[in-house]
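First comes the structure, then the notes that go with it.
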Amino acid sequence: MGDDLMQGRRRSSRSSRASRGVLGERRVITALFCDVTGSTTFAEQLDPEEWTEIMNEAFDYMIQPVVRYEGTVARLIGEGILAFFGAPLAAQIAKVEVAPTARRVAEANRLGGDDLIIFGGAGGNFFIEELRRGAVGTMPFACVPEMFRKVWDLYQDGKEAEAIQEFDRFVPLLKTLGQGMGKEVLRLRGVFKTVNVRHPASPPDDRTFNEMRTIVERLELTPASVA
Numbered sequence: 001m002g003d004d005l006m007q008g009r010r011r012s013s014r015s016s017r018a019s020r021g022v023l024g025e026r027r028v029i030t031a032l033f034c035d036v037t038g039s040t041t042f043a044e045q046l047d048p049e050e051w052t053e054i055m056n057e058a059f060d061y062m063i064q065p066v067v068r069y070e071g072t073v074a075r076l077i078g079e080g081i082l083a084f085f086g087a088p089l090a091a092q093i094a095k096v097e098v099a100p101t102a103r104r105v106a107e108a109n110r111l112g113g114d115d116l117i118i119f120g121g122a123g124g125n126f127f128i129e130e131l132r133r134g135a136v137g138t139m140p141f142a143c144v145p146e147m148f149r150k151v152w153d154l155y156q157d158g159k160e161a162e163a164i165q166e167f168d169r170f171v172p173l174l175k176t177l178g179q180g181m182g183k184e185v186l187r188l189r190g191v192f193k194t195v196n197v198r199h200p201a202s203p204p205d206d207r208t209f210n211e212m213r214t215i216v217e218r219l220e221l222t223p224a225s226v227a
C-alpha cells in the first residue's frame with residue numbers, strides 16, 4: 001500500500017512538471033533596427049539605378065553581422081532592417097527575407113530564359129531597373145496605378161528617358177509608402193473614406209502624414225474636394 005502510494009505521488013509529480021513545461025518559457029529577445037542615415041538626401045542626388053546598387057550593398061552589409069551572430073532578419077523597412085536575436089525559431093525553417101532587386105531579376109532572367117516570366121516587386125520601387133533586366137511587369141502599390149501604366153507605355157514605346165523622368169517624379173512618394181500608408185494616399189485622392197488597417201499596421205503620426213500629404217499635393221493627386 002505504502003509503495004503504491006509513493007509511486008503514485010512520483011507519477012503525479014512528473015505529470016505536473018510535464019504539464020507546466022508545455023505552457024511555454026520566458027525568453028529575453030533583443031530587437032535591432034538599423035537603417036541608413038540621411039538616405040532621403042542621398043537618394044535625391046543620385047540616379048535611381050545607382051541608388052539601388054548602393055542599397056543592395058548596404059543591405060548585405062547590415063545583414064551579414066545579424067546572420068553571423070545567429071539573429072533573424074524579420075523584414076526590410078525602407079532603407080533599414082529589423083532583426084531579432086534570441087527568438088525561438090527552428091533552424092530548419094529559418095529564412096532571411098530580402099526585397100526583390102534588379103540584380104536578382106537579372107539573375108532569374110539569365111537562368112530561366114524565355115521559359116520564365118518575371119514580375120518585379122517591392123511596391124514597384126525598382127520598376128525601371130526591373131524592366132531593363134527583363135521583367136514584364138511589377139507588383140506596385142495600388143495608390144498610383146496610372147503612373148505605373150504611363151511608365152510602362154513609355155518604356156514599351158522606346159521612350160526610356162521619358163519613362164525615367166515620369167517615374168522619378170513619384171520616387172519621394174514611393175519611399176514613404178508602407179503597410180497602411182497606401183490607404184492614406186487613396187483617402188487623400190478621394191477613393192477611400194476610411195483607412196482602417198489590420199494589425200500590426202498602425203496609422204502614421206502627424207509628421208509622417210503631413211510629409212506624405214505635401215508630396216501628394218505637389219504631384220497634384222489630391223482632388224479639390226479634399227480639405
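Residue numbers for the sequence shown follow the UniProt record's numbering, so the first one is 1 and each next one is one higher.
Every residue gets a Cβ at the ideal spot worked out from N, C-alpha and C, and that includes glycine.
Report the three-state DSSP secondary structure of residue i (helix, strand or coil).
i           : result
Asp115      : helix
Ala74       : strand
residue 256 : Coverage of the chain is limited to positions 1 through 227, which leaves residue 256 absent and any answer about it impossible.
Pro145      : helix
Gly182      : helix
Phe126      : coil
Leu32       : strand
Leu221      : coil
Leu82       : strand
Pro204      : coil
Rounding to the nearest angstrom, what Cα-Cα distance links residue i and residue j in this structure?
i           : j      : result
Val67       : Phe84  : 10 Å
Gly190      : Arg213 : 13 Å
Gly112      : Leu221 : 39 Å
residue 237 : Val28  : The shown model of the chain, from 1 to 227, leaves out residue 237, and the question about it has no answer.
Leu116      : Arg207 : 43 Å
Arg26       : Val171 : 43 Å
Asn56       : Val36  : 12 Å
Leu188      : Pro223 : 8 Å
Lys159      : Gly71  : 45 Å
Ala43       : Glu184 : 24 Å
Ile54       : Asp153 : 28 Å
Asp114      : Asn210 : 45 Å
Gly120      : Asn109 : 11 Å
Gly137      : Glu50  : 21 Å
Pro65       : Arg104 : 22 Å
Asn196      : Leu173 : 20 Å
Phe192      : Leu186 : 6 Å
Pro203      : Val151 : 30 Å
Leu166      : Arg149 : At residue 166 the sequence reads Glu, which differs from the Leu that was named. Taking the straight line joining both Cα atoms gives about 11 Å.
Tyr69       : Arg198 : 33 Å
Glu217      : Val73  : 35 Å
Gly38       : Glu107 : 30 Å
Out of the options, point me to the one whose CA is closest to residue i's CA.
i      : options                        : result
Leu177 : Ala58, Gly71, Ile215           : Ile215
Gly86  : Leu76, Glu162, Thr30, Ala106   : Thr30
Thr40  : Gly134, Gly80, Arg132          : Gly80
Asp205 : Met181, Leu188, Glu107         : Met181
Leu46  : Gly121, Gly137, Phe148, Ile164 : Ile164
Glu129 : Arg149, Tyr155, Ala142         : Tyr155
Ala161 : Arg207, Arg132, Thr37, Pro65   : Arg132
Phe126 : Phe59, Lys175, Arg198, Asp60   : Lys175
Leu219 : Val105, Cys143, Thr194         : Cys143
Gly78  : Asn196, Pro65, Ala58           : Ala58
Measure how close the beta-carbons of residue i and residue j come, nearest whole angstrom, since I'm counting them as under 8 Å.
i      : j      : result
Pro140 : Gly123 : 6 Å
Ile118 : Ala102 : With a Cβ gap of about 11 Å, Ile118 and Ala102 do not count as contacting.
Leu76  : Phe33  : With 8 Å as the limit, Leu76 and Phe33 do not qualify as a contact, their Cβ atoms being about 11 Å apart.
Pro48  : Asp157 : That belief does not hold up - the Cβ atoms of Pro48 and Asp157 are roughly 20 Å apart, past 8 Å.
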